[in-house]
Amino acid sequence: MVEPRFKPGERVKVLNAYPLGHVRTPFYIRGCTGTVERICGAFPNPEELAQMRDGLPPVPLYRVRFAQKDVWPDYNGSAADVVEVEIFQHWLEKA
Amino acid sequence: MKEDQGPYRPLSYFQLMEVSLRELLVEKGIVTEEQVNAAVEDMRKRTPERGAKVVARAWVDPEYKKRLLENGTKACEELGLDVPALKLVAVENTPQVHNAIVCTLCSCYPRMLLGIPPEWYKSRNYRSRMVREPRAVLAEFGLKIPDRIQIRVHDSTADMRYIVIPMRPAGTEGWSEERLAGLVNRDSMIGVAVPKGPND
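First to last, the sequence lines map onto chains A and B. Letter 4 of the first sequence, counting from 1, is numbered 6 in my numbering, and no numbers are missing. Letter 48 of the second sequence, counting from 1, is numbered 50 in my numbering, and no numbers are missing.
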């Protein structure tokens, strides 16, 4: 298993990358900065699985919490509202 | 499929693809019709009552709720519900926080607890707007969340699945677990509704 590089509470930024192929990082969250809510465990890399490979070693998966105001500049709900997204480690960097 | 699908309509592209693939698999002896039907029956047997059982137990047993929030998969197994190949995360509504679930990438859904997802859950409308303007979407479901309550939207983009533990309605003190479970419907476990109690 790939070692987790981030801890709960740490600020992380989602890579603003646009690789070809199957990825599980939604477009809307790329480039956004949030806080690690928890480490979900480690899972085979879906980008590799989509290519019929085994996706091993498993990659740490995080739940990252983003303030809606940071995701959508014109968000019209409460300033406290958040969205939480599962993101694999290789999509994150220290913010 | 023998189920009643209403008035005749030509098959859509994806329905046609499903039929072709299924017939091909059967023809090549990879699966049998019986196996396909058994799998479909298995899916149908799972209904939101399974999720309601989990919620009702969490309402009456604070220790169980604690374990459920810590490890949803294990807590379901305690009730004899197998949640195969699934990491379940239970999220709790409180007077300060309202949770709702969506899958923006496809339509990931806690099927083992809630059964087959409703059509709207898979719609582009719900999937794209739930993360963008959750308060407007919830209002369309008839749920107005005051601004002082935080909304947490959970986008199940990868290997986890989510279930909302709604708040126990007032006026249900002393109710049996079974009676409580009767208040918990599918939409309240997705987070687009809240259970109604005797006072509502």
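Here a beta-carbon is modelled for each residue, glycine too, at the ideal position from N, C-alpha and C. Quantities reported herein were computed from a predicted structural model and do not represent experimental measurements.
### Message
Between which two residues does the alpha helix (DSSP H) holding Met114(B) run?
### Response
What you label residue 114(B) is simply residue 112 of the second sequence in a count that begins at 1. Residue range 113–116 is occupied by the alpha helix (DSSP H) that includes Met114(B).
#### Entry: Contacting residues, own chain, Cβ-Cβ under 6 Å from His156(B) (five flanking each side not counted)
As a position in the second sequence, residue 156(B) is number 154, starting the count at 1. The answer, listed in chain order, is Ile103, Tyr164.
### Cβ-based neighbour list, Val38(A), same chain, cut-off 7 Å, excluding 5 preceding and 5 following
Locating residue 38(A) in the first sequence gives position 36, counting from the first residue. Taken in chain order, the residues that qualify are Phe8, Lys9, Pro10, Gly11, Glu12, Val14, Tyr64, Val66.
### Query
Mind pulling the chain B residues with CB within less than 9 Å of Pro28(A)?
For the purposes of this step, residue 28(A) is taken as residue 26 along the first sequence, with counting starting at 1. Chain B residues near Pro28(A): Thr106, Leu107, Val133, Asp157, Thr159.
### Own chain, CB closer than 6 Å to Arg52(B), minus 5 neighbours either side, in chain order
As a working note, residue 52(B) is residue 50 in the second sequence. The residues are Leu83, Leu115.
### Query
Would Gln70(A) be called buried (16 or more neighbouring beta carbons within 10 Å of its own) or exposed?
Position 68 of the first sequence holds residue 70(A). Label assigned to Gln70(A): buried.
### Task
Give every residue of the same chain whose Cβ lies closer than 8 Å to the Cβ of Asp72(A), excluding the five residues on either side of it in the sequence, and list them in chain order.
To locate residue 72(A), count along the first sequence from 1; it is residue 70. So the qualifying residues of the chain are Cys34, Thr35, Gly36.
### Message
Out of Asn201(B), Ile147(B), Leu27(B), which one is the CA nearest neighbour of Ala82(A)?
### Response
In the first sequence, the residue the question calls residue 82(A) occupies position 80. It is Ile147(B) whose Cα lies nearest to the Cα of Ala82(A).
### Task
Return no unless some Cβ of chain A is closer than 8 Å to the Cβ of Pro97(B).
On the second sequence, residue 97(B) is found 95 positions in, with the first residue counted as 1. It does not; no Cβ of chain A falls within 8 Å.
### Message
Taking the alpha-carbon of Glu86(A) as reference, which of Pro136(B), Ala172(B), Ser125(B) has the nearest alpha-carbon?
### Response
For this step, residue 86(A) is matched to residue 84 along the first sequence. Nearest of Pro136(B), Ala172(B), Ser125(B) to Glu86(A), Cα basis: Pro136(B).
#### Entry: Contact the region 40–47 of chain A vs the region 7–24 of chain B: 3+ CB pairs below 8 Å
No: the two stretches stay apart, fewer than three of their Cβ pairs being nearer than 8 Å.
### Query
Where does Tyr128(B) sit, in a helix, a strand or coil, going by DSSP?
Against the second sequence, residue 128(B) aligns to sequence position 126. It is helical.
### Query
Does the distance from the C-beta atom of Ala160(B) to that of Phe45(A) stay below 8 Å?
For the purposes of this step, residue 160(B) is taken as the residue at position 158 of the second sequence. For the purposes of this step, residue 45(A) is taken as the residue at position 43 of the first sequence. Yes. Within cutoff.
### Query
From Ser190(B) to Val93(B), what does the alpha carbon distance come to, in whole angstroms?
Looking up residue 190(B) in the second sequence gives position 188. Looking up residue 93(B) in the second sequence gives position 91. Here the alpha carbons of Val93(B) and Ser190(B) stand approximately 12 Å from one another.
### Query
Could you give the uninterrupted runs of the beta strand (DSSP E) lying entirely in the region 53–93 of chain A, keeping only those of 3 residues or more?
Whole beta strand (DSSP E) segments, 3+ residues: 61–69, 84–90.
### Message
Just verifying my parser: in three-state terms, what is the DSSP assignment at Tyr20(A)?
### Response
Walking along the first sequence from the start, residue 20(A) turns up at place 18. Looking at Tyr20(A) - three-state DSSP - the assignment turns out to be coil, as it is neither helix nor strand.
### Three-state secondary structure assigned by DSSP to Met169(B)
Counting from one through the second sequence, the residue named residue 169(B) turns up at place 167. In this structure, Met169(B) counts as coil in the three-state DSSP scheme.
### Query
Is the shortest distance between the beta-carbon of Val196(B) and the beta-carbons of chain A less than 8 Å?
The residue given as residue 196(B) occupies position 194 in the second sequence. Contact of Val196(B) with chain A is not assigned, every C-beta pair being separated by 8 Å or more.
### Query
Which residue spans inside the region 15–66 of chain B form an unbroken alpha helix (DSSP H) run of at least 4?
Fully enclosed alpha helix (DSSP H) runs of 4 or longer: 15–29, 35–47, 50–62.
### Task
Determine, using beta carbons only, whether Arg137(B) comes closer than 8 Å to chain A.
Locating residue 137(B) in the second sequence gives position 135, counting from the first residue. Answer yes: the Cβ-Cβ gap between Arg137(B) and chain A drops below 8 Å somewhere.
### Query
Do Val61(A) and Val4(A) come within 8 Å of each other at the CB atom, strictly closer than that value?
Position 2 of the first sequence, counted from the first residue, corresponds to residue 4(A). Position 59 of the first sequence, counted from the first residue, corresponds to residue 61(A). Taking 8 Å as the Cβ cut-off, Val4(A) and Val61(A) qualify as a contacting pair.
### Query
Using Cβ-Cβ distances below 8 Å, what residues of the region 39–66 of chain A are close to chain B?
Within the region 39–66 of chain A, Cys42, Gly43, Phe45, Pro48, Leu63, Arg65 place their CB atoms closer than 8 Å to a CB of chain B, listed in sequence order.
### Task
Please work out which residues of its chain come closer than 7 Å, Cβ to Cβ, to Gly173(B), disregarding the five sequence neighbours upstream and downstream, and give them in chain order.
The residue you call residue 173(B) lines up with position 171 of the second sequence. Hits under 7 Å: Gly199, Pro200, Asn201.
### Task
Taking Asn127(B) as the reference, give the member of Glu20(B), Cys78(B), Ile167(B), Leu107(B) with the closest Cα.
On the second sequence, position 125 is the one that residue 127(B) refers to. Taking only the C-alpha atoms, the option nearest Asn127(B) is Leu107(B).
### Query
What's the C-alpha gap between Lys4(B) and Pro119(B)?
Start at 1 with the first residue of the second sequence, and residue 4(B) comes out as number 2. Start at 1 with the first residue of the second sequence, and residue 119(B) comes out as number 117. A caution first: Lys4(B) carries a pLDDT of 48, below 50, which makes its placement in the model unreliable, though a value can still be read off. When rounded, the distance between both Cα atoms is 20 Å.
### Task
Classify Met3(B) as helix, strand or coil using the three-state DSSP reduction.
Position 1 of the second sequence holds residue 3(B). The pLDDT assigned to Met3(B) is 47, lower than 50, so where the model puts this residue is not dependable; a value taken from the coordinates is nonetheless given after this. Three-state DSSP puts Met3(B) in coil, outside helix and strand.
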